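Participant: Residues 1 to 363 (full-length UniProt numbering) are what the sequence shown spells out, left to right. Glycine residues also receive a C-beta, built at the ideal position from the N, C-alpha and C atoms. Just so you know, these numbers come straight off a predicted model, no measurement behind them. Below you will find the structure I want to go over with you.
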Amino acid sequence: MDVVVVTGSAGLVGGEAVRAFASRFDLVVGVDNGMRRDFFGPAGSVADNLAAVERIPNYRHHRVDVRDHGALAAVIGEYGTDVRLVVHTAGQPSDEWATGQPLVDLGVNAVGTMNLLEAVRRHGPEAVVVLTSTTKVYGDAPDALPLVETATRWEIDPAHPYHEHGIDESLRADGGRRTFFGVSKLAADLAAQSYAGLLGLRVGVFRCGSVTGAGHAGVELDGFLSHLVRSAVRGAAFPVIGHGGKQVRDVLDARDLVEMFWHYYLDPRPGEVYLAGGGRERSASILELIARYEYLTGHEVPFEYVPEHRFADVRCWITDTRKFRRDYVDWRPAHDLDDIVRSVHERWVEVERFGLDGFPVNP
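Here you go:
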């Protein structure tokens, strides 16, 4: 029997992984304890998403906290050498939340990852493991790059090697300032690399930028595009925080990220670190994204500007995915920025129409 284990299986990326892999494996084992609601309140709940994935016939759910080593090891141990792939998406995802609860953040992100890696090493050492890391491991290092301010965005200086394709894996992750979230994720990231290099686990690390999609329960502290659309659909003011609204991010659809995982699974390269993002063609500043959303949907985005930017919130991040595309030549993102914006909008319109408190995602 071929088994895939997905942690954070009710979340954005985890939920997409469950749906994508249900037809590719005999059994999908999900691990999620619903802690996102604890982080962000009812607006961040993924209960409806969990209900949807539980309707998939070959899905089995385990309500386990990744900080509980014994319980997590029991899940992996139950399926043992039948586990072919482990996708680790569970985590605390917010810089701001981590500032108030750094020990909890470290426990979930760093210790939880160590618990999973150790469980795989002991019970399913031949499994391929995918770790969802983050570009926040770099802290504010991107702000040390030469930047140019235009009318609508911050941009990497055209003379710099990163300008054309974006930032690649050569950017150093040491030095600079970073949030507690960045610290905990960097610890997990480095641990995964060590489990590959020292202990032979077939682990790949994916440092993700702004990943979103229709299944994103965006809130102010996590998921800016989803939260922007949610605010617009409800007629609520969206907070534009710092940098004149010109801070730039590239956006990747969660479905395209999951396909990166699939390609890695088919040809794993243990210990490799890959940047995962939408690239220059899927990049936009907050101001540009507001204008684009209004053009595509006809919905006005009321917003309020907060002058002070968040700690270590960089002005421009655009991802260069050429390393991954060189290693996996058949992968390309299938969804452009307009596709992503429309899908998120359509889902929030549906949520509002049916008056749902949670965030349902179609199975």
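Judging by CA-CA distance, which residue of 288, 142 and 94 is the nearest neighbour of residue 223?
Facilitator: Per the Cα distances, 94.
Participant: Check whether the Cβ atoms of residue 112 and residue 67 lie closer than 8 Å to each other.
Facilitator: Taking 8 Å as the Cβ cut-off, residue 112 and residue 67 qualify as a contacting pair.
Participant: On the CB-based measure, 16 or more other CB atoms within 10 Å of its CB, does residue 305 come out buried or exposed?
Facilitator: With fewer than 16 Cβ atoms within 10 Å of its Cβ, residue 305 is classed as exposed.
Participant: Please confirm whether residue 17 and residue 6 have their CB atoms less than 8 Å apart.
Facilitator: Their beta carbons are under 8 Å apart, which means residue 17 touches residue 6 by this criterion.
Participant: Indicate whether residue 139 and residue 177 have their beta-carbon atoms separated by less than 8 Å.
Facilitator: Contact: yes.
Participant: List the DSSP bridge partners of residue 85.
Facilitator: According to DSSP, residue 85 bridges with 4 and 128.
Participant: Comparing alpha-carbon positions, which option in 48, 37, 43 and 87 lies nearest residue 29?
Facilitator: Comparing Cα positions, the closest option is 87.
Participant: Are the beta-carbon atoms belonging to residue 252 and residue 282 less than 8 Å from one another?
Facilitator: Cβ distance < 8 Å, so residue 252 and residue 282 count as in contact.
Participant: Taking the alpha helix (DSSP H) that residue 239 belongs to, which residues open and close that run?
Facilitator: Note, residue 239: premise wrong, no alpha helix (DSSP H); beta strand (DSSP E) at 238–241.
Participant: Assess, as a yes-or-no matter, whether the region 343–352 is touched by the region 161–175 under the definition of 3 or more beta carbon pairs within less than 8 Å.
Facilitator: No contact exists between the region 161–175 and the region 343–352.
Participant: For residue 161, which option in 146, 153, 38 and 154 has the closest C-alpha, if you only look at C-alpha atoms?
Facilitator: Among 146, 153, 38 and 154, the Cα nearest to that of residue 161 is on 146.
Participant: Helix, strand or coil, according to DSSP, for residue 252 in the structure here?
Facilitator: Reduced to three states, the DSSP call for residue 252 is strand.
Participant: Near residue 319, what residues of its chain come up, given a Cβ to Cβ distance below 8 Å and the 5 sequence neighbours on each side ignored?
Facilitator: The residues are 135, 166, 167, 209, 250, 252, 275, 276, 277, 278 and 279.
Participant: Out of 77, 80, 20 and 108, state which residue places its alpha-carbon closest to the alpha-carbon of residue 56.
Facilitator: Measuring from the Cα of residue 56, the nearest candidate turns out to be 20.
Participant: Using 10 angstroms around the beta-carbon of residue 354, count the other beta-carbons present and answer buried if the total reaches 16, otherwise exposed.
Facilitator: Counting Cβ neighbours within 10 Å, residue 354 comes out exposed, since fewer than 16 surround it.
Participant: Exposed or buried, what is residue 75 when buried is set at 16 or more other beta-carbons lying within 10 Å of its beta-carbon?
Facilitator: Flag for residue 75 reads buried.
Participant: Nearest-angstrom Cα distance between residue 133 and residue 110?
Facilitator: Between residue 133 and residue 110, the C-alpha separation is close to 11 Å.
Participant: Between which two residues does the alpha helix (DSSP H) containing residue 231 stretch?
Facilitator: Where residue 231 is concerned, the enclosing alpha helix (DSSP H) stretches over 224–234.
Participant: If contact is defined by three or more beta carbon pairs under 8 Å, each pair taking one atom from either stretch, is the region 252–272 in contact with the region 321–337?
Facilitator: Yes, since at least three Cβ pairs between the region 321–337 and the region 252–272 fall closer than 8 Å, the two stretches touch.
Participant: Considering Cα atoms alone, identify which of 8, 126 and 44 is closest to residue 72.
Facilitator: The shortest C-alpha separation from residue 72 is found at 8.
Participant: Within 10 Å of its beta-carbon, does residue 1 have 16 or more other beta-carbons around it, so buried, or fewer, so exposed?
Facilitator: Residue 1 is exposed by the Cβ-count criterion.
Participant: Under three-state DSSP, which class holds residue 162?
Facilitator: Residue state, collapsed to three classes: helix.
Participant: Tell me which residues share the same chain as residue 322 and place their Cβ nearer than 8 Å to its Cβ, disregarding the 5 neighbours each side in the sequence.
Facilitator: Same-chain partners within the cutoff: 165 and 168.
Participant: Whole angstroms are fine: how far does the CA of residue 258 sit from the CA of residue 48?
Facilitator: Whole-angstrom Cα-Cα distance: 21 Å.
Participant: Measuring straight from C-alpha to C-alpha, what distance separates residue 228 and residue 191?
Facilitator: Computed Cα separation, rounded: 34 Å.
Participant: Leaving out the 5 sequence neighbours to the left and right, which residues in its chain are closer than 7 Å to residue 149 when beta-carbon positions are compared?
Facilitator: Within the same chain, residue 149 has close Cβ partners 246.
Participant: Which residue's Cα is closest to the Cα of residue 187: 108, 155 and 239?
Facilitator: When only C-alpha atoms are compared, the closest one is 108.
Participant: Quick check for students: name the residue ranges of the beta strand (DSSP E) that lie wholly in the region 21–83, counting only runs of 3 or more.
Facilitator: Entirely contained in the region 21–83, the beta strand (DSSP E) runs reaching 3 residues are, in chain order, 27–31 and 59–62.
Participant: Could you tell me the distance, in whole angstroms, from the CA atom of residue 116 to the CA atom of residue 13?
Facilitator: Distance between the alpha carbons of residue 116 and residue 13: 17 Å.
Participant: The alpha helix (DSSP H) with residue 416 in it runs from where to where?
Facilitator: There is simply no residue 416 to check, as the chain begins at 1 and stops at 363 in what is shown.
Participant: Around the C-beta of residue 296, are 16 or more other C-beta atoms found within 10 angstroms, so that it is buried, or is it exposed?
Facilitator: It counts as exposed.
Participant: Tell me the DSSP bridge mates of residue 202?
Facilitator: For residue 202, which the question treats as bridged, DSSP gives the partners 128.
Participant: Considering only the alpha carbon of each residue, which of 33, 198 and 53 lies closest to residue 23?
Facilitator: For the residues 33, 198 and 53, the minimum Cα distance to residue 23 belongs to 53.
Participant: By how many angstroms is the C-alpha of residue 126 removed from the C-alpha of residue 4?
Facilitator: Cα to Cα, the separation comes out at about 12 Å.
Participant: Taking only the alpha-carbon atoms, compute the straight-line gap between residue 204 and residue 189 and give it to the nearest angstrom.
Facilitator: Looking at the two C-alpha atoms, the distance is approximately 10 Å.
Participant: What does a CB cutoff of less than 8 Å around residue 308 pick up in its chain, not counting 5 residues either side in sequence?
Facilitator: Around residue 308: 241 and 242.
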